[in-house]
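Beneath this line is the structure, given in structure tokens, with notes to follow.
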Amino acid sequence: MNKNGFTLIELLVVIAILALLITLGSKGLRNARISAKKAQAMVEMKSIETAVKSYVSKYGKLPVEFGSDLVFEDSDDSDSKENSKLIISILTFDADAELAENPAKMVFLDPQSSPSADGNFVDPWGKQYRIALDTDYDGELVFGNETVRRKVAVASFGLYWLKGSISTNDIVKSWR
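Per numbering that gives the first Met the number 0, residue 0 is the first one in the sequence shown, and the count goes up by one each step.
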């Protein structure tokens with residue numbers, strides 16, 4: 000008897016192989032997108048750091064000053080969000096910002112992405128960057144449970160929150 004066509008087993012094997020290839024391809028694509036967003040966040044965080052360092056070079060002080068180190072966090076705390084907006088508006092020279100902090104009217108930061116609806120500079124996942132400033136000038140920042148030896152540090156928790164992660168590997172840090 001002549002065999003014309005495929006058996007059910009052959010069709011199931013082909014379908015299983017195709018499903019496996021699609022699964023592997025989509026996981027690779029998802030990982031590539033995450034890596035691209037991490038790279039974008041790192042570039043933006045380095046831009047914020049460079050802007051703060053340029054500001055310090057120009058004015059000899061940090062854009063905002065308090066007695067102890069200052070960490071701007073993404074939270075529902077309106078003071079925290081306002082402080083973050085203040086530092087970004089000083090660095091980007093927002094014409095509506097307080098001119099006393101940037102009397103030369105220089106633009107230190109020119110963000111490529113647009114700010115969020117409330118005026119904050121956000122990471123690729125739509126979360127506000129966390130910016131820490133060494134306002135007590137001791138050369139150390141306490142960022143979470145980590146001590147960082149620098150004047151400014153920036154972190155993106157966007158992926159961490161998106162995944163509901165418990166792994167700090169999902170936090171993108173400017174000092175790494």
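Every residue, glycine too, gets a C-beta built ideally from N, C-alpha and C.
CB contact flag (residue i, residue j, <8 Å)
i                : j             : result
leucine 61       : leucine 132   : yes
valine 63        : isoleucine 86 : yes
phenylalanine 92 : threonine 134 : no
tyrosine 54      : leucine 90    : yes
asparagine 30    : lysine 84     : no
alanine 103      : lysine 57     : yes
Close Cβ partners of residue i (< 7 Å) along its chain, the five nearest in sequence each way excluded
i             : result
lysine 172    : Ala154
isoleucine 47 : Leu108, Tyr128, Ile130, Val153
asparagine 3  : none
Per-residue burial, residue i [other beta carbons within 10 Å of its own, 16 or more giving buried]
i                 : result
aspartate 73      : Unreliable positioning characterises aspartate 73 in this predicted model, as indicated by a pLDDT of 49, which lies under 50. The coordinate reading is nonetheless provided below. The residue is buried, with at least 16 neighbouring Cβ atoms inside 10 Å.
proline 123       : buried
valine 151        : buried
asparagine 144    : exposed
asparagine 101    : buried
phenylalanine 142 : buried
glutamate 9       : exposed
Selected residue, minimal CA-CA separation from residue i, among the options
i            : options                       : result
aspartate 68 : Leu23, Arg148, Met105, Arg175 : Arg148
proline 110  : Gly4, Leu7, Ala15, Ala50      : Ala50
arginine 175 : Tyr136, Val42, Ala99, Thr6    : Val42
Chain-order list of residues whose beta-carbon lies under 6 Å from that of residue i (same chain, five-residue window excluded)
i            : result
glutamine 39 : Pro123
glycine 234  : Residue 234 falls outside the range modelled here, since the chain spans only 0 to 175, and no answer is possible.
alanine 35   : none
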